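The listed protein sequences derive, respectively, from chains L and D. Under my numbering, the residues of the first sequence are numbered 1 to 344, in order. Under my numbering, the residues of the second sequence are numbered 345 to 688, in order. Just so it is clear, CB atoms sit at the ideal spot from N, CA and C, and this is done for glycine as well. Note that the coordinates shown come from a computational prediction; the quantities given were computed from them, not determined experimentally. Contents: one structure, followed by commentary.
Number of protein chains: 2
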Amino acid sequence: MSSYTPCPPSQTRLLDVAERAGVSVITVSRALRTPAKVAPETRARIEAAVASLGYVPNLVAGALASARTRTVGILVPTVSSSIFATTINGLTDALESEGYSIVLAQSGYEAAREVAALAALLGRRPEGIVMVGSPMTDAARIMLEAAQDRGTMVVETWDLPERPIGSVVGFDNRAVGNAVAARFAAAGHQRLAFVGGDDDRASARFHGFAETAARLGQAPPLRIQLPAPSAMADAVAAYNAAHGPESLSRADAIFAATDVHAFGLLSAALRHGRRVPEDTALVGLGDLEMARFSIPSLTTVRIDGARMGQAAASLILEGVRRPSHDYAPKRIDLGFELIVRESG
Amino acid sequence: MSSYTPCPPSQTRLLDVAERAGVSVITVSRALRTPAKVAPETRARIEAAVASLGYVPNLVAGALASARTRTVGILVPTVSSSIFATTINGLTDALESEGYSIVLAQSGYEAAREVAALAALLGRRPEGIVMVGSPMTDAARIMLEAAQDRGTMVVETWDLPERPIGSVVGFDNRAVGNAVAARFAAAGHQRLAFVGGDDDRASARFHGFAETAARLGQAPPLRIQLPAPSAMADAVAAYNAAHGPESLSRADAIFAATDVHAFGLLSAALRHGRRVPEDTALVGLGDLEMARFSIPSLTTVRIDGARMGQAAASLILEGVRRPSHDYAPKRIDLGFELIVRESG
DNA sequence: TTGAAAGCGCTAACAC
DNA sequence: GTGTTAGCGCTTTCAA
């Protein structure tokens, strides 16, 4: 025999509430989850017991018993870059009212860390998992596919991958690049440049940018790759360091992969005495709040990050209510909008 | 009797791995958690079985059985305001390598939402809970105290509350206000103003600011309260809207509760043709990356958000390893640093 | 409207 | 080094 007390026994349980209220545990459970199924009088006694004991239901036990964790995992490259903040926000707002909790993990744009983070998330048996972008490795992809096969909702965001794992809520990063190049060409710019990381989405933006530039008879854009995870300082350094024919300062129009990079470039260019947009036009992506207020204000590609998070939440909630056999992954293109301001 | 299959039975379990490897479940469990306690040969068979089945341990079941969830909850006012991003970052970085997951919740600076978010977090039985700031209500405080009594590590951050619940990692918001006022006074500024939200920490900054202003014979600073959760646009609006004697545009030195507010004020002031710092000196708080690169660059109070997160993680990990009777809450003052740049 | 029994997938304790 | 047994706190099914 064993007494099994890993911790001091403490912790108020459903049983304690039940005894106090003079009912069985299952009645307490029902009173808490489906109050309508319990007689008002019983319910009142139970509620009093709950209050007097300060009972907080153990959701971990509930999750194990019901095979529903009411948990959603989100894997972002980083939380530092405010660019994903609205997506996290939209997701939490839409899920918390449904009783879901968010488990947050970061990959730091590193493949190994992504796999580890995913394993940690999946072990918590989330009902849904939201990826910013697509997995970087096959290993990660396989884990996600396996999770999906056993009923986890998988949603990729911030992109429209050709070979999605499950559902997708995003926008066409290549089309974004096309649009920015077209605008630069129409404005008569000749020496185009692109500054950003080397993740899939940034690369798609660049390819679209280069593609349209070529189509419109422009010289191939200069591409400056920043080591991920890149920050404003990296963009500034890239601007300052560049010399010779590869110099950013020779560009008359720069597309920055994110607004964060754009602000760095804006600062560096102005400090170098260049006028923006006259000497160098500048376009960012993300429409951070600062874009409206910088001087000059920043022309940027607006992405509705909050709606992306909300849509991901909706897809997960819908999918979870549905038997897996009639679950059809969805593909939602939220589009983007070029917000023309002063910088280009 | 019952067949109990809430979901299609699927899901690889420890038992499946055990059968495949020809051992008992507990041996598999050990091979996964304490490989040294299992014979190399057995371990190899188990590892092969794990790999071939794609087994992902169910951490929820493990958590229930061991009464250790390996989970830490963090409650932030908002993730949108990049001001807390580094804290979240520091916390995740320090915890993920230890196998912990982060459960994220937002209060939106609303008391009711804070209580709800806390209930959701506490139900997950986190081993630690990190608060940005202190609870807004007694209800929330009581919940945290109860959680602490049953062994949860509670850490308040971004402040040094007089009546802490458990451990604290923060800085003295009032002293920050003192320091900024002293600097303004030394620079000969006469008409001081403070712009920020009305949460406890912002208020403490204001009180310190006003206190030192008074001590140095200054007129009482103007205080502009922004409705929480406030953003850059609110600061801009406050600047633009103010008329008459309450006008921010009459101030010759403004202390903004956060860098986000400061950038809004900077933008608005410059757009109004005022020179910063000549006409209006400006100091922020947070030392966001942008502070180095804005034009003019922003004088600000640097807070080491990442270290705050890391320190909170350390306190939790230490506390969790220790029997609760010799747990003594700690109070860590990480201090702050006035970073003098161009704006003031 | 309420309850009894069984069991979710795992780990702690104690044997051997 | 490995296995047996019991049980974590809850929800499910089925019966009354």
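- Closer than 9 Å to the CB of VAL580 of chain D there is at least one CB belonging to chain L.
- Under the Cβ distance rule, GLY286 of chain L does not count among the residues neighbouring chain D, no pair being separated by less than 9 Å.
- The beta carbon of LEU419 of chain D sits no closer than 9 Å to any beta carbon of chain L.
- Setting aside the 5 residues that flank it on each side, ARG307 of chain L is surrounded in the same chain by GLY90 and LEU334, each with a C-beta closer than 7 Å to its C-beta; the list follows chain order.
- Nearest C-alpha to GLY284 of chain L among L:LEU248, L:THR12, L:LEU298 and L:SER24: L:LEU298.
- Judged by pairs of C-beta atoms under 8 Å, the stretch 596-605 of chain D touches the stretch 537-551 of chain D, as three or more such pairs exist.
- In this structure, the alpha-carbon of VAL60 of chain L lies about 51 Å from that of PRO296 of chain L.
- Ranking D:ILE427, D:VAL664 and D:SER687 by CA distance to the CA of GLU442 of chain D puts D:VAL664 first.
- Residue environment: ILE224 of chain L is assigned as buried (16 or more neighbouring CB atoms within 10 Å of its CB, all protein chains considered).
- With fewer than 16 other Cβ atoms inside 10 Å of its own Cβ, THR481 of chain D counts as exposed.
- Counting only the Cα atoms, GLU391 of chain D lies some 11 Å from VAL382 of chain D.
- Between the alpha carbons of GLU211 of chain L and ILE254 of chain L lies a distance of about 15 Å.
- Rounded to whole angstroms, GLY608 of chain D and SER425 of chain D show a C-alpha spacing of 13 Å.
- At least one beta carbon of chain D lies nearer than 9 Å to the beta carbon of MET290 of chain L.
- Look at SER396 of chain D: its C-beta is not under 9 Å from any C-beta on chain L.
- Residue contact with chain L for MET576 of chain D: present (Cβ-Cβ distance below 9 Å to some residue of chain L).
- Among the residues of chain L, those whose CB is under 7 Å from the CB of ALA405 of chain D are LEU64, following chain order.
- Membership of PHE538 of chain D in the beta strand (DSSP E) is indicated by the continuous run 536-540.
- In the three-state scheme derived from DSSP, where H, G and I count as helix and E and B as strand, MET308 of chain L is classed as helix.
- ALA491 of chain D carries a helical assignment under DSSP once its states are collapsed to helix, strand and coil.
- For PRO479 of chain D, no CB of chain L lies under 9 Å from its own CB, so it is not counted at the interface with that chain.
- The beta carbon of ARG494 of chain D falls within 9 Å of a beta carbon belonging to chain L, placing the residue at that interface.
- With fewer than 16 other beta carbons inside 10 angstroms of its own, VAL340 of chain L counts as exposed.
- In this structure, D:ALA523 is the residue among D:GLY532, D:ALA523, D:GLY561 and D:THR378 with its C-alpha nearest to the C-alpha of ALA548 of chain D.
- Taking C-alpha positions only, ARG527 of chain D is separated from ASP578 of chain D by approximately 26 Å.
- DSSP links ARG223 of chain L through a beta bridge to L:PHE194.
- Here DSSP, grouped into helix, strand and coil, assigns LEU160 of chain L to coil.
- Among the residues of chain D, those whose CB is under 8 Å from the CB of THR86 of chain L are SER424, following chain order.
- Among the CB atoms of chain L, none fall inside 9 Å of the CB of GLU622 of chain D.
- The C-alpha of VAL115 of chain L lies about 22 Å from the C-alpha of GLY170 of chain L.
- Between the alpha carbons of SER247 of chain L and ARG275 of chain L lies a distance of about 16 Å.
- Beta-bridge analysis with DSSP links GLU337 of chain L to L:ARG302.
- According to the DSSP assignment, THR212 of chain L belongs to the alpha helix (DSSP H) that extends over 200-215.
- ALA237 of chain L: not part of any beta strand (DSSP E); member of the alpha helix (DSSP H) spanning 232-241, first to last residue.
- Note that the C-beta distance between ARG389 of chain D and GLY366 of chain D is below 9 Å.
- Counting the other Cβ atoms within 10 Å of the Cβ of PRO564 of chain D gives fewer than 16, which makes it exposed.
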